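Sequence order for the protein chains is A and B. Letter 112 of the first sequence, counting from 1, is numbered 123 in our numbering, and no numbers are missing. Letter 46 of the second sequence, counting from 1, is numbered 49 in our numbering, and no numbers are missing.
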Amino acid sequence: ETGVTQSPTHLIKTRGQQVTLRCSSQSGHNTVSWYQQALGQGPQFIFQYYREEENGRGNFPPRFSGLQFPNYSSELNVNALELDDSALYLCASSGTGSSTEAFFGQGTRLTVV
Amino acid sequence: AQSVTQLDSHVSVSEGTPVLLRCNYSSSYSPSLFWYVQHPNKGLQLLLKYTSAATLVKGINGFEAEFKKSETSFHLTKPSAHMSDAAEYFCVVSDRSGGSQGNLIFGKGTKLSVKP
């Protein structure tokens, strides 16, 4: 166990709806990153939050947004869901400094129908 | 821009035989490279990382990888496969040097099957 927890574990939504995924980072970690892993693919970086500010973003549209809270937990929000948003969403937390390791949660499996 | 290419989508070995999972990278500077493993219905786990120190990196569960700059490769090896090694393996490069985690860029993965 990594100490990174994600909720919910599974979710089914309808196209056009909105979804919020949650991540609790490991104790002592102030950086959270979100990744999307489509079936049969490697994870793709969505964005990263450091001390409640966005600290880098991948090639995802603005309908993917996030938040980080003072306790460093984080949310990923996706608006106007599309069928292609069906994927495993992974959260990773890490500390600061060089050679720091990212610890991944088990992910949220989102299915859009 | 940084990228990684995993040369095999699926590798099958017999238990007790060596494992070789191949990865080539592209980076405009000295890269930070990682190998992660993903077991079914489990999160990603770091096997090992290269951060410009020793070129031969030892990881957990008997895995190791060698950084070869001349070949832009970072292949993962294990002398003797175990049934529990069956999983998906990802070669990963960071968009930052010096070992800082940064944003991780994943390869497409190699599925390792281990036959009894």
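Backbone N, C-alpha and C define an ideal beta-carbon position, used for all residues, glycine too. Since we're looking at a predicted model, the values are computed, not measured.
Under the three-state reduction of DSSP output, A:Ser-84 falls in the coil class, being neither helix nor strand. In the three-state scheme derived from DSSP, where H, G and I count as helix and E and B as strand, B:Ser-87 is classed as helix. For A:Leu-101, the uninterrupted beta strand (DSSP E) segment begins and ends at 98-105. Non-local C-beta neighbours of A:Ala-103 in its own chain, meaning closer than 6 Å and more than five positions away in sequence, comprise Ser-44, Ala-113 and Phe-115, ordered along the chain. Using a Cβ-Cβ distance cut-off of 8 Å, the stretch 23-43 of chain B and the stretch 55-64 of chain A are not in contact, since fewer than three pairs of beta carbons, one from each stretch, lie closer than that value.
Assignment of A:Leu-121 by DSSP, reduced to helix, strand and coil, places it in the strand class. The C-alpha of B:Ser-116 lies about 28 Å from the C-alpha of A:Thr-16. Residues of the stretch 35-58 of chain B with a Cβ closer than 7 Å to any Cβ of chain A, in chain order: Lys-45, Gly-46, Leu-47, Leu-49 and Thr-54. Against chain B, the beta carbon of A:Pro-54 has neighbours under 8 Å at Leu-47, Phe-93, Leu-107 and Phe-109, listed in chain order. A straight line joining the alpha-carbon of A:Asn-70 with that of A:Tyr-46 spans about 11 Å. For B:Gly-19, there are no neighbours in chain A by C-beta distance under 7 Å, as the nearest C-beta there is about 29 Å away. Between the C-alpha atoms of B:Asn-44 and A:Thr-20 there is a straight-line separation of about 10 Å. Using beta-carbon distances, B:Gly-62 does not count as an interface residue toward chain A, since no partner is under 9 Å. Excluding sequence positions up to five before and after A:Ser-97, its CB lies within less than 7 Å of the CB of Leu-121, Thr-122 and Val-123, all in the same chain and listed in chain order.
Going by DSSP, A:Glu-64 is part of the beta strand (DSSP E) stretching over 64-68. In the same chain as B:Ser-15, and ignoring 5 residues on each side of it, the C-beta atoms closer than 7 Å to its own belong to Ser-116 and Lys-118, in chain order.
In the structure shown, the three-state DSSP call for B:Asn-64 is helix. According to the DSSP assignment, B:Leu-107 belongs to the beta strand (DSSP E) that extends over 107-109.
With respect to the C-alpha of A:Pro-81, the residue from A:His-40, A:Val-89, A:Gly-67 and A:Thr-119 having the closest C-alpha is A:His-40.
For B:Gly-112, the nearest beta carbon of chain A is closer than 9 Å to its own beta carbon. The beta carbon of A:Glu-112 sits closer than 9 Å to some beta carbon of chain B. Look at the stretch 61-85 of chain A: the residues with a C-beta under 8 Å from a C-beta of chain B are Gly-67 and Gly-69. At least one CB atom of chain B sits nearer than 9 Å to the CB of A:Leu-101. In this structure, the CA atom of A:Val-89 is about 30 Å from the CA atom of B:Ser-12.
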